[in-house]
Structures are given as structure tokens and as C-alpha cells.
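In UniProt numbering, the protein residues as written are 1 to 488.
Ideal Cβ positions, reconstructed from N, Cα and C, are used throughout, including at glycine.
Just so it is clear, the structure is predicted and the values come from calculations on it, not from any experiment.
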Amino acid sequence: MTYQSITKTFMDQITGGQLEWEPMNKVYDQVIFVEKDQRPRTYPVISGPGEWERDLKKRFPAEADNISRFFELMKKVHDSHTGSMFVKFVPMWLVKILDFTGLIHIITDFYKWNSKTCKEVIWDMIETQELRDIFCYCFGDFGTPPSKAGFPMQTLLHSHFSNGGAYPVGGASEIAFHIIPVVEAAGGRLLVRAEVSQILVNDGRAYGVQVKKGKEVMNVTAPIIISDAGFFNTMEHLLPTSVAASSHLWPLVKSQAHGPACLSVFVGLNCNAKELNIIHKQNSWVFTRNDIDKLTLEYLNMTREEAMDVDVPLLFISFPSTKDPEWEKRYPGKTTMVIVTLMPYKWVEEWAHARVMKRGDEYEYIKKTFGHKAVEQACQLYPDIKDHIDYVNIGTPVSNRHYLGSPQGEIYGLDHTSDRFSVQNNALLRPATDVPGLYMTGQDVCSCGFTGALYGGLLCASAVLQRNLINDLTALHKHIKRGKKKEE
Numbered sequence: 001m002t003y004q005s006i007t008k009t010f011m012d013q014i015t016g017g018q019l020e021w022e023p024m025n026k027v028y029d030q031v032i033f034v035e036k037d038q039r040p041r042t043y044p045v046i047s048g049p050g051e052w053e054r055d056l057k058k059r060f061p062a063e064a065d066n067i068s069r070f071f072e073l074m075k076k077v078h079d080s081h082t083g084s085m086f087v088k089f090v091p092m093w094l095v096k097i098l099d100f101t102g103l104i105h106i107i108t109d110f111y112k113w114n115s116k117t118c119k120e121v122i123w124d125m126i127e128t129q130e131l132r133d134i135f136c137y138c139f140g141d142f143g144t145p146p147s148k149a150g151f152p153m154q155t156l157l158h159s160h161f162s163n164g165g166a167y168p169v170g171g172a173s174e175i176a177f178h179i180i181p182v183v184e185a186a187g188g189r190l191l192v193r194a195e196v197s198q199i200l201v202n203d204g205r206a207y208g209v210q211v212k213k214g215k216e217v218m219n220v221t222a223p224i225i226i227s228d229a230g231f232f233n234t235m236e237h238l239l240p241t242s243v244a245a246s247s248h249l250w251p252l253v254k255s256q257a258h259g260p261a262c263l264s265v266f267v268g269l270n271c272n273a274k275e276l277n278i279i280h281k282q283n284s285w286v287f288t289r290n291d292i293d294k295l296t297l298e299y300l301n302m303t304r305e306e307a308m309d310v311d312v313p314l315l316f317i318s319f320p321s322t323k324d325p326e327w328e329k330r331y332p333g334k335t336t337m338v339i340v341t342l343m344p345y346k347w348v349e350e351w352a353h354a355r356v357m358k359r360g361d362e363y364e365y366i367k368k369t370f371g372h373k374a375v376e377q378a379c380q381l382y383p384d385i386k387d388h389i390d391y392v393n394i395g396t397p398v399s400n401r402h403y404l405g406s407p408q409g410e411i412y413g414l415d416h417t418s419d420r421f422s423v424q425n426n427a428l429l430r431p432a433t434d435v436p437g438l439y440m441t442g443q444d445v446c447s448c449g450f451t452g453a454l455y456g457g458l459l460c461a462s463a464v465l466q467r468n469l470i471n472d473l474t475a476l477h478k479h480i481k482r483g484k485k486k487e488e
């Protein structure tokens with residue numbers, strides 16, 4: 001969003017050109033290893049062509065050739081990604097032939113690299129453990145540890161941010177605020193605070209949804225139903241069981257896993273950010289030792305009680321208010337901090353059906369133990385904040401389950417494993433389902449995150465309209481870029 005990328009062109013269309021973006025720092029991320037009785041080791045992640053690569057070669061001169069190989073491979077995988085989407089728009093019988101014969105690998109290299117995990121490729125290519133970890137540092141952006149995620153997932157993320165990050169001016173709520181008028185201008189409506197309890201099906205065809213508001217139930221009918229509730233919600237909770245079980249998507253319910261759940265800590269500081277020695281317009285990814293794959297898996301496999309006795313091994317720390325140039329005008333003398341880490345759903349699952357704010361003392365104790373520990377670790381890195389903490393709000397996987405409707409508190413939909421992006425599974429996870437009238441959109445159609453869900457929507461709209469909107473977007477983008485060059 002920091003320049004006129006094709007994604008920026010896309011966002012300009014669906015927000016009427018009204019959404020502004022503030023660039024983050026050139027160093028948009030930093031990777032920090034905080035080991036006991038040692039000084040923190042900090043590595044910047046620098047945006048701009050070749051900048052990060054050159055910096056890493058200075059820090060790891062013995063790995064210079066391997067670093068070059070990594071970035072060359074990153075570009076190859078990025079270039080192969082568009083071709084991987086081909087399987088979502090051709091008949092499944094053709095996908096199976098392409099997969100069985102290996103012809104798919106002539107169309108794209110994506111699936112060849114996806115058959116290998118991040119750990120397999122990077123550990124084989126890079127000799128220094130610290131550098132291996134740096135190349136995998138942001139796996140938390142999709143949640144699947146390096147030994148389980150396909151190699152393209154990590155490289156595509158690096159490519160995505162290679163020109164830097166950006167933040168919506170006015171905060172994240174501005175995104176929806178500017179999309180809604182575009183939807184309404186086209187005759188659409190946005191309705192909130194009413195639960196969709198099921199997808200209505202008659203003679204095998206989806207024809208509407210049932211909506212609950214308190215005790216009131218209403219059926220809303222339409223010729224086309226699009227579910228953004230996620231794969232598991234759609235298949236296990238919204239479709240009638242008999243319909244879902246007869247779908248060719250049903251085997252994925254059994255073979256695929258829910259994505260990771262998380263603990264989120266929102267902190268309010270009663271001080272202007274300029275008066276604090278903190279990061280501005282960037283993020284910190286903090287780990288308590290090397291081999292972040294092993295570190296993460298060991299933590300996630302602990303019992304809840306074991307985990308409560310150790311430091312949180314991985315933390316994402318950011319100060320969102322420093323990214324928004326409008327913040328200080330609206331909230332002078334205030335700063336926000338957010339901390340996110342992974343947390344297995346099973347650690348709090350027993351409170352999944354308890355009322356919000358009424359989950360009891362044990363739950364509150366567990367939640368606060370993890371949350372306050374995360375805050376304490378953040379204070380060790382940024383001691384200035386310790387005396388200015390005014391507000392702390394902690395959310396667990398069951399909070400996500402309640403507010404996001406995610407069955408196991410997941411934030412990224414399906415787990416982003418190598419198997420999820422195999423040729424046939426990627427083809428099955430297409431917008432058009434085998435239930436006539438029903439389409440799926442969002443993260444599970446493409447990949448997780450803001451941009452992944454955005455393109456999931458574009459793929460879905462293409463399927464519904466039976467028109468290649470990717471070609472339309474590409475043509476528009478080229479037209480806009482030509483216009484900008486003429487202005488220059």
C-alpha cells in the first residue's frame with residue numbers, strides 16, 4: 001500500500017479511493033532474541049529492493065552465497081504463485097490428471113516447492129541457526145510452524161512486505177468505513193448483530209440463510225449464497241449435515257486442521273509515544289531462544305499448567321497508535337500497545353460455552369497469568385512503558401470463538417500446512433462449491449490475512465460473475481500506472 005501496487009489499485013476500487021495509507025518505517029519489523037542473562041540480539045528487516053539481503057550479508061558474511069540463493073528462490077516462488085491459482089477454475093477431473101501426470105509442474109513450480117516444508121528448504125540451505133530463524137521469523141503471520149508449513153507460504157510473505165508495510169490513516173476501522181458506501185451504492189446492505197444459524201437448502205440447492213436475533217428467527221432468500229464464515233463453520237455448522245456429508249469437500253473436514261488460536265493483549269498507556277523509548281511505526285518479533293520451530297512446538301505441546309510456569313517463547317509486539325498520523329489529534333497523551341502470541345484452544349476449551357465476562361475465577365486467573373506474563377516480558381524490552389500502563393485487556397481463544405465465530409478460536413481459518421496447499425486440496429478449496437447456489441470466500445479460498453482474504457473475495461466474485469476479474473484488475477492497474485507515468 002506504500003506505492004501503486006496491484007493490491008493498492010484493488011483497494012482503491014473497493015473503497016472509492018477514500019482510504020489513505022501511512023507508510024511504516026523502512027525497518028518495518030525487527031527480530032529480537034532475548035535469552036536469559038544475555039543482551040537482546042536485534043536484527044532489522046528492511047524494505048526496499050535488495051536492502052534486507054545486503055544487510056544480512058553484512059551480519060552473516062560466511063552465509064553470503066546462501067543468502068543470495070534464498071532471495072533468488074524467493075523470487076522464483078513468488079513468480080510461480082499466480083499459476084497455482086489455475087487449479088481453482090478448471091474441472092476437478094482435469095486437476096487430477098494434471099496432478100497424476102505431473103503436468104501441473106509445467107504450468108507452475110509452486111507445488112514442487114510446496115511439497116517441501118519451510119524447515120526442509122531453509123535448514124538445508126542455511127547453516128547458521130540464527131539466520132534460519134530470521135528467515136522464518138514472521139511465521140506467526142500465518143501461524144503454522146516452519147516444520148509444518150510449505151516453503152512458499154514463508155517466501156510469499158517476505159515478498160509481500162519487501163516494499164514495506166503501511167497502516168490505514170485513522171485506524172483499521174477506516175477500511176470497513178470506506179468499503180460500506182461502495183457496497184451500498186451498488187444496491188447492497190450491511191447488516192450486523194444478527195447470527196446466521198444455517199444455510200437453507202432445498203432439493204440440493206442453497207436458496208437462503210436463517211438469521212437469529214434474540215428469539216426471533218427470519219429466513220432470508222437469495223439466488224446466490226456466499227459464505228465468509230470459514231470452511232469449518234460452513235461445512236460443520238451452517239449446511240445441513242446430510243448435504244455437507246455428501247459434498248466432495250467433506251473429506252477435508254476430516255483431513256485438515258483448524259489454524260492456530262492466539263492470546264491477544266491490548267494495553268493502554270497514559271503517555272505520549274514520543275516521550276517513551278519504544279518502537280515507532282514498526283513491529284517486534286521476540287523469541288526466547290534460537291530454533292524457533294522447536295521452541296514453538298515444545299510450548300504448544302505443553303499442558304496448560306506447564307506453560308503457565310515458563311516465559312512466553314514468542315511475542316509479536318507493536319504500538320499501533322504510532323502508525324496512525326491522526327491518533328495524536330484524537331487521543332493526545334495516549335499510546336496503545338498490542339501483544340499477540342500463540343495459545344492452544346485446548347488450554348481454555350472448557351470455558352467455550354460459558355457467558356462472556358462470566359467465565360469464573362479459574363478462567364480469569366489463567367487468562368491473567370498468561371497475559372500479565374506477556375506484558376512483563378514486553379516491559380523488559382521497553383522499560384519506559386512500565387509506569388504508564390493504564391489499561392490491560394486480555395483475549396484468549398474462547399474470546400475469539402465468541403467474537404469472531406471461529407470454532408476453535410483460530411484467527412487464520414484452515415491451518416496453513418503443506419498439505420492444505422497441495423494440488424488437489426488447493427483446487428477443492430475454490431469459491432464455487434458442489435452445492436448449487438453456494439460459494440465460499442475469504443481466507444480459506446486463498447490464504448490468510450488481510451490481502452489473502454481480499455483476493456479470496458476477488459476469486460469468489462469471478463466465479464459468481466463467471467468473469468475473469470483478475471484480468472480486469474490487471475488491465476485497470478496497467479492503465480493507472482501508464483497514466484501516472486504520463487503525469488511524471
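Roughly how many angstroms separate the alpha carbons of Tyr391 and Arg482, rounded to a whole number?
49 Å
Close-in-space but distant-in-sequence residues of the same chain around Ala64 (CB under 6 Å, 5 per side omitted):
Lys57
Whose C-alpha, out of Cys271, Phe266, Lys346 and Leu276, is nearest the C-alpha of Asn301?
Lys346
Ile278 beta carbon less than 9 Å from that of Leu314:
no
Given this structure, state the Cα-to-Cα distance separating Leu469 from Pro325, to the nearest angstrom.
34 Å
Among His388, Ile14, Phe287 and Val445, which residue has its Cα nearest to the Cα of Tyr412?
Val445
The beta strand (DSSP E) that contains Ile339, what's its start and end?
Thr335 to Leu342
What is the residue span of the beta strand (DSSP E) that Phe142 lies within?
That residue, Phe142, is in no beta strand (DSSP E); it is neither H nor E in DSSP.
Bridge partners of Ile46, per DSSP?
Val27
Which residues in the same chain have their Cβ closer than 7 Å to the Cβ of Asn393, if we skip the five residues on either side of it in sequence?
Phe266
Where Arg289 sits in the DSSP three-state scheme
coil
In the DSSP output, what is Lys261 paired with across the bridge?
Checking the displayed sequence, the identity of residue 261 turns out to be Ala instead of Lys. Its beta-bridge partners are Glu410.
Return the CA-CA distance between Leu404 and Asn426, expressed in angstroms with no decimal places.
24 Å
Count the other CB atoms, across all protein chains shown, that sit within 10 Å of the CB of Ile224; report buried if there are 16 or more and exposed otherwise.
exposed
Going by other Cβ atoms of all chains shown within 10 Å of its Cβ, with 16 needed for buried, is Trp93 buried or exposed?
exposed
Count the other CB atoms within 10 Å of the CB of residue 491; is the residue buried (16 or more) or exposed (fewer)?
For residue 491 there is no data in the structure shown, the boundaries of the chain being 1 and 488.
For Ile97, count the other beta carbons within 10 Å of its own beta carbon; 16 or more makes it buried, fewer makes it exposed. Which is it?
exposed
Here's the rule: buried if 16 or more other CB atoms are within 10 angstroms of the residue's CB, otherwise exposed. What is Val192?
exposed
If we call anything under 9 Å between Cβ atoms a contact, is Glu410 one with Ala261?
yes
Determine the closest residue to Thr117 out of Ile104, Ser418, Trp285 and Asp55, with distance taken between C-alpha atoms.
Ser418
Contact between the region 148 to 161 and the region 348 to 368 is defined here as three or more beta-carbon pairs at a separation below 8 Å; is this criterion met?
no
Please state if the CB of Gly259 and the CB of Gly143 are separated by a distance shorter than 9 Å.
yes
Cα separation between Trp327 and Asp384?
20 Å
Alpha carbon to alpha carbon, how far is Pro431 from Cys460? Give it in angstroms, no decimals.
5 Å
Secondary structure at Asp324, three-state DSSP: helix, strand or coil?
coil
Roughly how many angstroms separate the alpha carbons of Val217 and Leu200, rounded to a whole number?
13 Å
Distance between Asn202 and Met1 (C-alpha atoms, nearest Å)
44 Å
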